[in-house]
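If you're matching positions, the sequence shown starts at 34 in my numbering and goes up one per residue.
We put the beta carbon where it would ideally sit given N, CA and C, even for glycine.
From a predicted model like this one, the values you see are computed outputs, not experimental measurements.
Written below as structure tokens is the structure these notes are about.
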Amino acid sequence: LKSKESGKRAEASTSADAEDSCVSVAPAAAEDARLMRTIFVGNIPPATRRHALTKHFASFGAVESVRIRSVASSNLKLARRAAVIKQAIDTSVRDAVNAYVVFADEAAVVKALAANGQVAFGRHLRVDRAVASKRQADGDEGSPPMADGGAAFAVAHKRSVFLGNLAFDLQEEAVWEAFGPFGTVEYVRLVRDPQTQHGKGFGYVCFTERASVESALSLHETKLNGRTLRVFRCKGEASARSGAKGSKGGAKAEAKPGVDWKNRPAASLRLQLAASAKARKKAKGGGGIAKKAKGSAVKKAGGNRKLPKGASAVKPAPTPSQLAHIKAGKNKAKAAAKRSLAGKGRAGANG
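In structure tokens form, the structure reads like this:
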């Protein structure tokens, strides 16, 4: 009987485990299927309502839902969803929002992707496949990763340029218009703070043709929104990874031929700051040789004691009066020693 009961318990536990695994797998599969029917839409005017987006994308297929993300809220105490509902949007920080459109049929996604770069609502819209990560689906950087985990960018970087020294209030539409004359732009991406949506001063422009990159390099060191623009070739997959992580270390970039990297504005500024800091340190401490002399003098004077501010560890030479006083003290000490010895001698003779 005991063996039968244990067997029934084992069967019950295995069936329960199987049910739990089915329950955990089913939502994941449903979520993946939903993502395959979702597109990312960028550079949308903040005043655009969800029903307007639904009506626009309904021409490609039936729309299930629309979510607006990446809002620069004028009240940081409000949740992003509340900021969208109340239209508490700070357009001076970012004059655009992103959205995720879910279609009822996956075939509508392919049709919608063909509309990438077309003008709608007065803007060049970026249309791409949705993200596979919930963190990035919330629009933390305003850019979805590639559906194949970044492998698509391994080819896209050859069609892209890196932009540096951008104004923090620069908007995507201004970049799109600046680089549009050099070729068909596939997308513009300005890296932003995930919480405040403030720009971080760099970004990327991807073209549909590689030949456009060479032409776009002519904008290097030209003015854009009051700042001297830096335009370099994107090099390697590090550009995608660093941008997705908030640009830790920045992207690898290849400069135009003839550009002296050591004389770049940022590099020269760093060198100037380092030289001035070194000069201040030398003036304050008196140089390395003086520091060594001071350290040895401190050790001779009595260990590793810290000197008062403005005091010197090297003792000055004594004056003549000080020398006479020292000599007199030594003579007194000798006379006292002699008297002591003479007193001890007399005491021994008397004993």
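| query | result |
| --- | --- |
| Contact under 7 Å by Cβ, arginine 159 with asparagine 258 | no |
| Paired residues, beta bridge with arginine 225 - DSSP | Gly232 |
| Cα-Cα separation, leucine 68 to valine 135 | 8 Å |
| Integer Cβ distance of valine 246 from arginine 266, believed to fall under 8 Å | 6 Å |
| Option in Val104, Val152 and Leu199 with minimal Cα separation from alanine 115 | Val104 |
| Cβ-based neighbour list, alanine 141, same chain, cut-off 6 Å, excluding 5 preceding and 5 following | Phe93 and Gly94 |
| Threonine 97, DSSP secondary structure in three states | What sits at residue 97 in the sequence shown is glutamate, not threonine. Residue state, collapsed to three classes: strand. |
| The stretch 246-256 in contact with the stretch 209-221 per 3-pair CB rule at 8 Å | yes |
| Residue of Glu242, Asn149, Pro227 and Val74 minimising C-alpha distance to lysine 191 | Glu242 |
| Beta-ladder partner(s) of alanine 153, from DSSP | Arg156 |
| Three-state secondary structure (DSSP) of arginine 263 | strand |
| N-terminal and C-terminal residue of the alpha helix (DSSP H) that isoleucine 118 is part of | 113-119 |
| Three-pair Cβ contact test at 8 Å for the stretch 127-134 versus the stretch 202-213 | yes |
| Which residues DSSP lists as bridging valine 104, in chain order | Paired residue(s): none; valine 104 is not in a bridge. |
| Per DSSP, cross-strand counterpart(s) of glycine 75 | Arg159 |
| DSSP state of alanine 132 mapped onto helix, strand, coil | strand |
| Top-ranked residue by Cα proximity to serine 193, from Glu210, Arg222 and Ala207 | Arg222 |
| Alpha-carbon to alpha-carbon, valine 99 and leucine 111 | 21 Å |
| Alanine 145 to aspartate 65 span [Cα, whole Å] | 19 Å |
| Spatially closest choice to proline 78 from Gln120, Ala61 and Arg70, by CA coordinates | Gln120 |
| CB of leucine 196 within 7 Å of CB of glycine 236, strictly | yes |
| Whether phenylalanine 137 touches leucine 86 by CB criterion (7 Å) | Note that residue 137 is alanine in the sequence shown here, rather than phenylalanine. In this structure, leucine 86 does not lie closer than 7 Å to alanine 137 by Cβ. |
| Three-state secondary structure assigned by DSSP to phenylalanine 201 | coil |
| Buried or exposed by the 16-neighbour rule on C-beta atoms within 10 Å, applied to histidine 157 | buried |
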